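Just so you know, the sequences run in chain order A and B.
For the first sequence, this note's numbering assigns the number 8 to the initial residue and increments by one for each residue that follows.
For the second sequence, this note's numbering assigns the number 8 to the initial residue and increments by one for each residue that follows.
Think of the CB as a built atom: it goes at the ideal place given N, C-alpha and C, for glycine as much as any other residue.
Since the structure is predicted, the reported quantities are computational estimates derived from the model, not experimental observations.
Number of protein chains: 2
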Amino acid sequence: MTISVLLADDQAMVRSGMRLLLEDQPDIRVVAEAVDGVEAVALARRLRPDVCLVDVRMPRLDGIEVTRALAGPGVARPLRVVVVTTFDLDEYVYGALRGGAVGFLLKDAGPALLAEAVRAASAGDALVSPSVTMRLLRHLTPASAAQPARPLSEREWEVVRAVAKGRTNAEIAAELFISLSTVKGHVSGIQTKLGVRNRVQIAAWAWENRVVTQS
Amino acid sequence: MTISVLLADDQAMVRSGMRLLLEDQPDIRVVAEAVDGVEAVALARRLRPDVCLVDVRMPRLDGIEVTRALAGPGVARPLRVVVVTTFDLDEYVYGALRGGAVGFLLKDAGPALLAEAVRAASAGDALVSPSVTMRLLRHLTPASAAQPARPLSEREWEVVRAVAKGRTNAEIAAELFISLSTVKGHVSGIQTKLGVRNRVQIAAWAWENRVVTQS
DNA sequence: CGGACGGTGCGGGTTTTCCCGTACGCCACT
DNA sequence: AGTGGCGTACGGGAAAACCCGCACCGTCCG
């Protein structure tokens, strides 16, 4: 089963180059080319290729908008979109990935990665350029943080988690079988140890340091 | 300049296979092999290879621990560690990446990706297996959410961001040049629209939906 | 042994938040 | 011009959170 690919890039030379690289792969076939974003969306909706390779910089509609149109949240039958660009700017990366892209490639990536990205997208996976991945990982890793200046006791960790979930002191007291006053005491102690001034900042700290799980 | 690689895996056949694949690349050279985690750490610290390929499942010290020892937060001169595994379990992925790994490969990844991962790591970048990347992206993308049941006004968004940062109503009033009472009204309206009962839950909602940026 | 220390638990006074009601300008509708 | 909806703005009373001080009980240590 060959993988059908749509190319979208305003520069003819880039399209030709990518077409050559891809046609070299026995399992990949370029079925259409678009020279701007509007054409890309139209062709993609009509042909429904397995994978769309779209450039970020394009006339009329940029690659991010194209991605949102074809794969964004709320789209009925989303297509697999891999975004390609020359510049790995943060705004592009996040815009593309949050817009539903399942790949982000820099043009300086080798031909091997281009083909792999297409195969990954077609298989329902996603491949992101190594340099971009690196920056994504830096965001995933809180550098080193995770523990407060002064260590929290086990009881205090429980209270932190409850506070971060938006529980009131009364609810926490009921959950932990302690009195309301005790909860207040713990919250106070936590604030001191974390160096924050109210419970919302406790919650913010907890979210930032991934003490609570992201949904 | 050839890239020096350390292989760490308890299964001899896996080591042989990876060595064959890598030696096939002109720019990569396997300089050492380790059969367990302790040996991997010792060899890596002595030889300081450009890239360490470590299996997750190993005797004595697992791959995650090895990663933390060689590249974790707090390590003086961290090495580039790429973690390899047969099973792409969430705990492995997050453990490895948060432990400082600059790559995460499934063993079913093709030889092309193995070589690319080594090159990426050596260049200071990171390559993650497509299927794993896909799951990481799902965490990055709030699926479809991001907007509340009822839409917030522009003013309310400002208040949401301020609340999420842990500001008190008085501080918000000063920042936005409105009265304390007005802030109260906005917070109330936001709570109604989001369907939450207190400001901490507003903050939690904001963090979960990435209204506030992760540091 | 006495005594300092830290975790845990409790109560009361002050500050902040929460939850109502109210009001005014703006815009669309008919 | 009337009218209803919406965003924005304000005030006051009830509720919760915040910040003290205090006490009990283990452990560690001179």
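Report the option in A124(A), G79(A), L187(A) and P118(A) whose CA atom is closest to the CA atom of R145(B). Walking along the second sequence from the start, residue 145(B) turns up at place 138. It is G79(A) whose Cα lies nearest to the Cα of R145(B).
Would the stretch 99-107 of chain B count as touching the stretch 62-81 of chain B if we require 3 or more Cβ pairs under 8 angstroms? Output reads yes: the stretch 62-81 of chain B touches the stretch 99-107 of chain B.
Beta-bridge partners of L113(A), as assigned by DSSP: Counting from 1 along the first sequence, the entry for residue 113(A) is found at position 106. Per DSSP, the beta bridge partners of L113(A) are T92(A).
Residues from the stretch 85-102 of chain A in contact with chain B, defined by Cβ distance under 9 angstroms: The stretch 85-102 of chain A vs chain B, Cβ under 9 angstroms: Y101.
So if DSSP puts A15(B) in a beta bridge, which residue, or which two residues, is it bridged to? Taking the second sequence and counting its residues from 1, the one referred to as residue 15(B) is at position 8. Residue pairing for A15(B): DSSP places it in a beta bridge opposite A41(B) and V61(B).
Inter-stretch contact at 8 angstroms, needing at least 3 Cβ pairs: the stretch 27-36 of chain B / the stretch 200-209 of chain B: The stretch 27-36 of chain B, when compared against the stretch 200-209 of chain B, does not touch it at the 8 angstroms Cβ threshold.
For the candidate residues P158(A), F111(A) and R84(A), whose alpha-carbon lies nearest to that of R142(A)? Counting from 1 along the first sequence, the entry for residue 142(A) is found at position 135. In this structure, F111(A) is the residue among P158(A), F111(A) and R84(A) with its C-alpha nearest to the C-alpha of R142(A).
Since V135(B) sits in a beta bridge, which residues does DSSP pair it with? Stepping through the second sequence from its first residue, residue 135(B) is reached at position 128. Bridge partners of V135(B): F111(B).
Could you check whether A15(B) and V61(B) sit closer than 7 angstroms to each other, using their CB atoms as the reference points? In the second sequence, the residue the question calls residue 61(B) occupies position 54. In the second sequence, the residue the question calls residue 15(B) occupies position 8. Against a cut-off of 7 angstroms, the Cβ pair of A15(B) and V61(B) comes out as a contact.
Contact set between K191(A) and chain B, taken where Cβ atoms lie within less than 9 angstroms: Stepping through the first sequence from its first residue, residue 191(A) is reached at position 184. Within 9 angstroms Cβ-Cβ: nothing; K191(A) doesn't reach chain B, min ~15 angstroms.
Alpha carbon to alpha carbon, how far is T9(A) from E161(A)? Give it in angstroms, no decimals. By 1-based counting over the first sequence, the position of residue 161(A) is 154. By 1-based counting over the first sequence, the position of residue 9(A) is 2. Using only the alpha carbons, I get a separation of about 56 angstroms.
Proximity test, Cβ basis, 7 angstroms: R145(B) and chain A: As a working mapping, residue 145(B) is identified with position 138 in the second sequence. Taking Cβ atoms only, chain A never reaches closer than 7 angstroms to R145(B), which makes this a no.
What distance in whole Å lies between the Cβ atoms of V37(A) and E55(A), which are believed to be in contact at a cut-off of 8 angstroms? For the purposes of this step, residue 55(A) is taken as residue 48 along the first sequence, with counting starting at 1. For the purposes of this step, residue 37(A) is taken as residue 30 along the first sequence, with counting starting at 1. The sequence shown places Arg at residue 55(A), not Glu. R55(A) to V37(A), Cβ: 15 angstroms. No contact.
Please classify R145(A): does DSSP put it in a helix, a strand, or coil? For the purposes of this step, residue 145(A) is taken as the residue at position 138 of the first sequence. DSSP, read as helix, strand or coil, puts R145(A) in helix.
Give me, in chain order, the residues of the same chain whose beta-carbon lies closer than 6 angstroms to that of A41(B); leave out the 5 immediate sequence neighbours on both sides. Residue numbering aside, residue 41(B) sits at position 34 when the second sequence is read from its first letter. Shown here for A41(B): same chain residues with a beta carbon closer than 6 angstroms to its own, the five before and five after excluded, namely A15, A47 and L50 in chain order.
Chain B partners of E123(A), CB-CB under 8 angstroms? Residue mapping note: residue 123(A) aligns to position 116 of the first sequence, counting from 1. By Cβ distance, chain B contributes G117, A119, L120, E123 and P137.
V207(A) CB to nearest chain B CB: under 7 angstroms? The residue given as residue 207(A) occupies position 200 in the first sequence. When Cβ-Cβ separations below 7 angstroms define contact, V207(A) makes contact with chain B.
Own chain residues within Cβ distance below 6 angstroms of A119(A), not counting five before or after: Translated into the one-based positions of the first sequence, residue 119(A) becomes position 112. Answer for A119(A): no residue qualifies.
With a threshold of 16 other CB atoms inside 10 Å of the CB of E182(A), please say whether the residue is buried or exposed. Here residue 182(A) is taken as the residue at index 175 of the first sequence, counted from 1. Exposed, by the Cβ-count rule.
When the Cα atoms are used, what is the spatial distance from A83(B) to L68(B)? Locating residue 83(B) in the second sequence gives position 76, where the first residue counts as 1. Locating residue 68(B) in the second sequence gives position 61, where the first residue counts as 1. C-alpha separation (whole angstroms): 20 angstroms.
Mind checking the stretch 163-197 of chain A against chain B and listing, in chain order, the residues whose C-beta falls within less than 9 angstroms of any C-beta there? Listed by position, the residues of the stretch 163-197 of chain A near chain B (Cβ gap below 9 angstroms) are V170, A171, K172, G173, R174 and T175.
What does the alpha-carbon distance come out to for the pair P158(B) and A213(B)? Locating residue 158(B) in the second sequence gives position 151, where the first residue counts as 1. Locating residue 213(B) in the second sequence gives position 206, where the first residue counts as 1. Their backbone Cα atoms lie some 14 angstroms apart in a straight line.
Please list, in chain order, the chain A residues whose beta carbon lies closer than 7 angstroms to that of A133(B). Residue numbering aside, residue 133(B) sits at position 126 when the second sequence is read from its first letter. The contacting residues are P137, T140, M141 and L144.
Name the chain A residues that come within less than 7 angstroms of V203(B), Cβ to Cβ? Residue 203(B) sits at position 196 when you count from the first residue of the second sequence. Correct list: G173.
So for I10(A), helix, strand or coil by DSSP? Residue numbering aside, residue 10(A) sits at position 3 when the first sequence is read from its first letter. Residue state, collapsed to three classes: strand.
At what residues does the alpha helix (DSSP H) containing R162(B) begin and finish? Looking up residue 162(B) in the second sequence gives position 155. Note, R162(B): alpha helix (DSSP H), E161 to A171.
Hey, could you find the ends of the alpha helix (DSSP H) A181(A) is sitting in? Reading the first sequence from its first residue, position 174 is the one you call residue 181(A). Taken as a continuous stretch (DSSP letters only), the alpha helix (DSSP H) holding A181(A) covers N176 to L183.
The alpha helix (DSSP H) with V219(A) in it runs from where to where? Counting from 1 along the first sequence, the entry for residue 219(A) is found at position 212. Careful: V219(A) lies outside any alpha helix (DSSP H) and carries neither H nor E.
Using a 10 Å radius around the Cβ and a threshold of 16 neighbouring Cβ atoms, would you call A177(A) buried or exposed? By one-based count along the first sequence, residue 177(A) stands at place 170. Exposed is the call here.
Residues in the same chain with beta-carbon distance under 8 angstroms from A169(A), minus the five sequence neighbours each way, listed in chain order, please. Locating residue 169(A) in the first sequence gives position 162, counting from the first residue. Scanning its chain for C-beta atoms nearer than 8 angstroms, with the 5 sequence neighbours on each side dropped, one finds around A169(A) the residues E178, I179, E182 and L183, in chain order.
Against A210(A), what residues of chain B qualify as contacts under a CB-to-CB distance less than 7 angstroms, listed in chain order? As a first step, residue 210(A) must be located in the first sequence, where it is residue number 203. Against chain B, the beta carbon of A210(A) has neighbours under 7 angstroms at V207, A210 and A211, listed in chain order.
With a cut-off of 7 angstroms, does the C-beta of A76(A) fall near any C-beta of chain B? Taking the first sequence and counting its residues from 1, the one referred to as residue 76(A) is at position 69. Using a Cβ-Cβ cut-off of 7 angstroms, A76(A) does not count as an interface residue toward chain B, since no Cβ of chain B sits closer than that to its own.
Take A133(A) and list the residues in its own chain whose beta-carbon comes closer than 7 angstroms to its own, dropping the five residues that flank it on each side. Against the first sequence, residue 133(A) aligns to sequence position 126. These residues qualify, in order along the chain: V109, G110 and A127.
Looking at the C-beta of A83(A), does it have a partner C-beta in chain B at a distance below 7 angstroms? Locating residue 83(A) in the first sequence gives position 76, counting from the first residue. No, its Cβ sits nowhere closer than 7 angstroms to a Cβ of chain B.
Alpha carbon of R174(B) to alpha carbon of N205(B), nearest angstrom: The count along the second sequence starts at 1 and reaches residue 174(B) at position 167. The count along the second sequence starts at 1 and reaches residue 205(B) at position 198. The C-alpha of R174(B) lies about 14 angstroms from the C-alpha of N205(B).
Is the Cβ-Cβ distance between C225(B) and V21(B) less than 7 angstroms? A question about residue 225(B) goes unanswered here, because the residues of chain B that appear run from 8 up to 222.
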